[in-house]
Amino acid sequence: MLGDVETRSVSPVFVGRADELAVLTDALARAAAQEPQAMLVGGEAGVGKTRLTEEFLCEAARSGAVVAVGGCVEIGAEGLPFAPFSTALRTLHRRLPGELAAAAAGQEDELARILPELGDTPRGPHDEESTARLFELTARMLERLAADRTVVLVLEDLHWADTSTRHLLSYLFRTLASGRLVIVATYRADDVHRRHPLRPLLAELDRLRTVQRIELPRFNRAEVRRQLAGILASQPDEAFVDSVFDRSDGNAFFVEELAACQRSGCHAGLTESLRDLLLVRVEVLPEAAQRVVRIVAEGGSTVEYPLLRAVAGLTEDELIEALRAAVGANILLATPDGDGYRFRHSLVREAVSDDLLPGERARVNRRYAEAMEADDWLIRAEERVIRLASYWYCANDAAKALPAVLAASVAARRRHAYSEQLNLLERALDLWESAPEEVREALRPVDYTEVYPPCGCDPATTPLKRLDLLAEATVAARFGGERERALKLTKTALRLLEEDRDPLRAAWFWTERSRLVSSLARGDGWEELARAQELVKGLPPSQVHAEVLVRAAGWGMLHNPGPGNLEAAERAVAYARMLGAEEIELNARITVGSLLTDSGDAERGLAEMLTVRERAAELGLVMLAGRAHINLTSQLESMGRSREAVELAEQGVELVKKSRLLDTEAWLSGNMAESLYSLGRWDEAAAAAQRGLSVGQSAAPRGSASARLSYLALARGELSEATGRLAAAHAHFGTHDSQPQHRIPLYRLAVGIAAGEGRIADVRAEIADAIAYGFPLGHHRYAWPLLLAAASAEADARGLPVADAGREAALDVLRDAARALATPVPVWAAHAEFFRAELLRAEDRDTAADWAGVERTIRPLERPYLLARARHRLAEALLAAGGDREPAGVLLREAYATADRLGSRTLREDLALLAQRARLPLSGADAPRALPAPAPDPVEALGLTSRERDVLRLVAAGNSNRRIAEELFISPKTASVHVSNILAKLGVAGRGEAAALAHRLRLFGPLTPAGSPPPGVSPAPGV
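Using this note's numbering, you'd call the opening residue of the sequence shown number 58 and step up by one each time.
In structure tokens:
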């Protein structure tokens, strides 16, 4: 009987695909040069994707590469989390045990979530960064493994991939930067319909230049002829080639099936129905073999031999004989590791599965589930709970399926596969009403939300409720990045709670909703938090109550600073301590420490946060320790202790890097950049800010990093770069972010850019908006630089006709705003002194004594840029007073050296021009020499012609091209050409910036006391 069904349907000759194979082998060569390669191979089912990858893997193996293959598993909508990666890594673990162990060293517990062979999977931590940490660790492990050898990973059938697999693949394709690694993923293109979850990923990957996509077309007639010749081992009849080509339409797999039917005499296979074509060779198998094929079809992509033996109901000899027939007919294949069987092509499996009767399908799934419940060792432990849940669900047995699905959700969570956990929990919610009441009553809360249980009851004795599932699903959706689904789940839960009042549960869901609304830019979250606060009022202390208090205090600290927040935070500490909820208590104590520092009790606040940091590290609560580092570094910077802030930020980054807390690392990098900027270590600040921008996952830390880069660009005189970074910061923060610590620095940047471009009206508008917004308690650290920038802009604009109107009122507004600001530490007292001196300069009333006081106050503060600016003004005042020139020369040289080291083009130009006009050398070596001859005209030094000098003078006075043309007796078009040339020579973007530059450099105004212009230079109109 076996001889009657044995066929060879696969061509021994590799037909076509030469170009596609060349692309893959070229990628192999590039990978050998330490350039990781990402490849996508798509095509319809049966077109030859597997055959192409098999040929490529043979080439890779011949070149000495280590190859590993993993396939996505179709066992229902939820899938097996990370299935193809687990399979491929398991192969690498067998082939390179020592090397893989070294690559995973120190992170075995976390990486065991993907490769269980590395150890036991830990129970936590679980948070919104858990998945990102796991992905980052996986990427680094693969880079280390492929550092000294070429590694090829092939992930098959991506159209069946679970969400976590898709996300991990996307992460690897985007972030792998080194190593001799090639990743090839195949997918069935005809399955990827408009709403298929793979479609967005393909669109995303198409935008990456590092990903190559190969689409396999069908064979043409000549290629079909070559394929048939290989299968038949002889030249086929041309009429037969025409018939097969017409019927198969060039699909390689259908060509094989039609050829197999012709060889075995199954002429019924030449039918219009492709489904019948796929089934016809199954139907000629012996009855026992057909039965086994139907069982394997319903078992999933691969069925282990022990499981198949338990389900088939045959003796072992009968089962082996049936399998031999199915394998001989090329219907089934033994798996590469020899422990199970799969269909040679998934199209046949799908056809066989579709042919099962509804009752037959449920019965087969029940037998799979019963066999697995009877023997835990039939399949791998990490797959057991997921597959058991799928089998019971497909068996239509809600009583068995509900607990199985819940158990599977726990397993998915432990692997940080939160999207799969969410799918399983939603399936459990669908099963809830169908399951018998006694089954539901026997269930207990098996997982946790953020503060579990929200009802305040004992999870060991209280039956699980539908609301508990909604709570877990909400957190799973949030952790998995699916905040929209999480928001819908909270809405469903709160609707249920309208009928079944439970204030604690409702408060928990409102707290979650507050977090979600804020992160989705639907609001600031206060309305939801206020509802939660109302619900817990008057209730006995609980974890939910403590959590609501902590979040409310934290919200107030960030959005609406005031003394009431400290009281709320201290009450949260007391509640959490009473309940023994130490993690909540520590979180609340960080808020307390920050609020104490803001209120003026700095040492007590810092001591509190340092204590929390040590305790959190001791308990392994890395996220909490990271938050303590963030707040500590921020507060130290606020106190002017920038060097300490940098050291602590470096320690924090080192700590959170180990746990891959990417957003926490981004916040710390942003704080470090701020302190490095203060210390004048600008290149290091730029690197830290760029690191924060690259590792940050959420909008807020990325917005903060963009703002830091804008600050640097502004200080260096790169206005277009500063403008772009400011726009990026606004985009990241969004319109919903009302936190003063974000809003006020953005006002400061807008003021600086407007001032640099000569838009004094915009400076005044921005400062008016900022003052209307307000400077809450503890935010003097952001307000003083803002007011100083506005005062400097007013002083720089003195003499510009466009700035004269409204100057007095603008200065009064700034004075009034400054009166309410605190100066609790020397750095802000120095800012206040600088601010007052700039106001005097804006009124032309500043003296050398004023600037000497500013310079003296700043000198001990380790603020080199601020000090260089003060020395510039002091030198200018000394020269204007006509006193001893030597001190002015020393100040200019010191300030110029600082500006040059920092790369501050604007300040360097200002200092150079002042030194040039005063005929003072900027080099210390030149100081003792005799004064040089008078410097050339600064306008000529800029490369401007005499006509362009006249045009620039009129531009600086605020004249239009038409008015310039009238003054100089030229045409408006000629005036426009001159203006364009001037802008290019000055390296500025517009007329306002050119006017501001001319005024700032005093090209047409007096150098020393107002009213006595340099010889030969007429004052600009209106000055």
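For glycine and all other residues, C-beta sits at the position ideal for the given N, C-alpha and C.
Taken atom to atom, the span from the alpha-carbon of W841 to that of A807 is near 15 Å.
Under the DSSP assignment, G127 falls in the beta strand (DSSP E) whose first and last residues are 123-128. Ranked by Cα distance from A1053, the options A972, A629, A102, S849 are led by S849. Where T222 is concerned, the enclosing alpha helix (DSSP H) starts and stops at 220-232.
Sequence-distant partners of Y804 (beyond 5 residues in either direction) whose C-beta falls short of 8 Å from its own C-beta, in its chain, are E823, I824, D826, A827, Y830, L843. In the DSSP assignment, R913 falls within the unbroken alpha helix (DSSP H) covering 905-915.
DSSP places L857 in the coil class of the three-state scheme, outside both helix and strand. T690 has no beta-bridge partner at all, per DSSP. A distance of 8 Å or more separates the beta carbons of L479 and E569. By the neighbour-count criterion, in which a residue is buried when 16 or more other Cβ atoms sit within 10 angstroms of its Cβ, V339 is buried. Residue pairing of E951 in beta bridges, as defined by DSSP: absent, with no partner found. Between T1031 and S1037, the alpha-carbon positions lie close to 10 Å from each other. Runs of the alpha helix (DSSP H) lying entirely within the stretch 256-314 and spanning at least 4 residues, in chain order: 278-289, 295-305.
Around A934, the same chain offers D903, T904, A905, W908 as residues with beta carbons nearer than 7 Å, after the five sequence neighbours per side are excluded. Between H216 and L255, the beta carbon gap of about 6 Å places them in contact (Cβ cut-off 8 Å). Within the same chain, Cβ atoms closer than 6 Å to the Cβ of S795 are found at D581, H616, the five residues on either side in sequence being excluded.
In the structure shown, M96 adopts extended strand secondary structure according to DSSP, grouped into three states. CA-to-CA, the gap between L172 and L194 works out to about 12 Å. In its chain, beyond the 5 residues on either side, A160 have a beta carbon closer than 7 Å to the beta carbon of R201.
With 16 or more other CB atoms across the displayed protein chains lying within 10 angstroms of its CB, P618 is buried. Residue pairing by DSSP places R399 opposite L390 in a beta bridge. Look at T547 here: in three-state DSSP terms it is helix. Excluding residues up to 5 positions away in sequence, F230, I240, T267, V268 lie with their Cβ nearer than 6 Å to the Cβ of A95 in the same chain. Within the model, the alpha-carbon separation for E186 versus L482 is close to 21 Å. C-alpha of N644 to C-alpha of S699: approximately 24 Å in a straight line. Nearest Cα to R773 within the set R759, R748, R738, E627: R738. Nearest Cα to P598 within the set A609, A638, T690: A638.
By a beta-carbon distance limit of 8 Å, L725 contacts G709. Their separation comes to about 5 Å. Residue environment: H250 is assigned as exposed (fewer than 16 neighbouring CB atoms within 10 Å of its CB, all protein chains considered). In terms of Cα proximity to R270, the closest of R147, R399, V341, G100 is G100. In terms of Cβ geometry, A189 and R717 form a close pair [threshold 8 Å].
For the 8 Å CB-CB criterion, A702 and E694 form a contact. Within the model, the alpha-carbon separation for A286 versus P69 is close to 10 Å. Here DSSP, grouped into helix, strand and coil, assigns L210 to strand.
In this structure, F276 places its C-beta atom within 8 Å of the C-beta atom of A309. Apart from the 5 residues on each side of it in sequence, A764 sits with its Cβ closer than 6 Å to the Cβ of A786, P802 in its chain, given in chain order.
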